[in-house]
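One structure below.
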Amino acid sequence: MKKTALFSLFALSGFFIFQSAHAQVKDAPSLVKDAFTQQYPGADSAQYENRLVFVLVHFYQKDSVSTAKYTSKGIWQWTETAMPFSALPQQIQDGFNKSKYLGWQVDHTYIVNLPGNITRYKLQIEKSAIQKRNLFFNTRGRMISDNITMY
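Under this note's numbering, think of the first position of the sequence shown as 1, with each following residue one higher.
In structure tokens:
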């Protein structure tokens with residue numbers, strides 16, 4: 001009898017925890033939508049990808065494809081906008097061309113805007129199907145981060 005009561009208690013508490021977490025997930029996108037529409041009033045075709053602890057918003061603005069990341073509470077973390085390698089500032093192209101990754105294929109390039117009016121440039125590169133990296137450059141063309149990725 002005690003085992004049945006204990007099991008029922010755990011099952012019931014699990015149900016209530018799930019319900020409250022589920023309610024929080026439903027509330028997060030409205031906070032993000034409000035923050036996003038305030039930050040990007042001219043954005044088109046916004047699509048929200050809720051990842052529980054953060055939300056990605058994919059959108060178009062001025063013929064560019066962008067993705068913004070917000071916390072589940074609507075706090076903006078970054079926005080990246082796709083651009084061709086040839087459109088990168090010359091300092092960024094030079095920084096990549098002088099790096100140890102010269103010869104790797106550049107798959108995607110982005111300008112990344114961060115809080116505090118900070119700008120970074122992200123290059124997704126690969127040498128093979130399993131050798132892939134994200135390179136981050138500052139506005140002067142200096143590589144500041146180099147991460148292994150599976151993108």
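The beta carbon of each residue, even a glycine, is placed where N, CA and C say it ideally should be. Note that this is a predicted model, so its numbers are computed, not measured.
query	result
Sequence-distant residues of its chain with Cβ nearer than 6 Å to Ala82 (five each side left out)	Val65 and Tyr110
Collapsed DSSP secondary structure at Leu31 in the structure displayed	helix
Pair within 8 Å by beta-carbon distance, Gln105 and Glu126	yes
Per-residue burial, Val25 [other beta carbons within 10 Å of its own, 16 or more giving buried]	With a pLDDT of 45 at Val25, under the threshold of 50, the predicted position of this residue should be treated as unreliable, and no value is reported.
Backbone CA spacing between Ile75 and Leu31 [nearest angstrom]	9 Å
Alpha-carbon to alpha-carbon, Thr79 and Asn50	16 Å
Residue(s) in a DSSP beta bridge with Tyr174	Past the boundaries of the shown model lies residue 174; the chain is included only from 1 to 151, so the question cannot be answered.
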